[in-house]
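Residues 473 to 532 (this note's numbering) make up the sequence shown, in order. Have a look at the structure below, then the notes.
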Amino acid sequence: MTTTTVAARRAGWAFVAPALTLMVLILLLPIAGAALLSFTDYSLGGSAPAATVRAIAVGA
473 MTTTTVAARR
483 AGWAFVAPAL
493 TLMVLILLLP
503 IAGAALLSFT
513 DYSLGGSAPA
523 ATVRAIAVGA
């Protein structure tokens, strides 16, 4: 079994971190946006102004 130094492990994470961050942003931002829109009555194809976005009642 090989042992790696702390510096080698940190270097590995330093190379992976930018790609991992980008992947998380690309995946989580649309999911969060969809979750927020699901609690409103906003119509993406409608002609209503954005000021008329209302939250819907949950559990009522």
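Note that beta-carbon positions come from the ideal geometry of N, C-alpha and C, so glycine has one too.
query, result
"In three-state terms, what does DSSP make of A529?", "coil"
"Measuring straight from C-alpha to C-alpha, what distance separates A504 and L492?", "18 angstroms"
"Report the rounded CA-to-CA distance for A480 versus L508, giving the unit in angstroms.", "41 angstroms"
"Just verifying my parser: in three-state terms, what is the DSSP assignment at T493?", "helix"
"From the DSSP output, which residues share a beta bridge with T512?", "A527"
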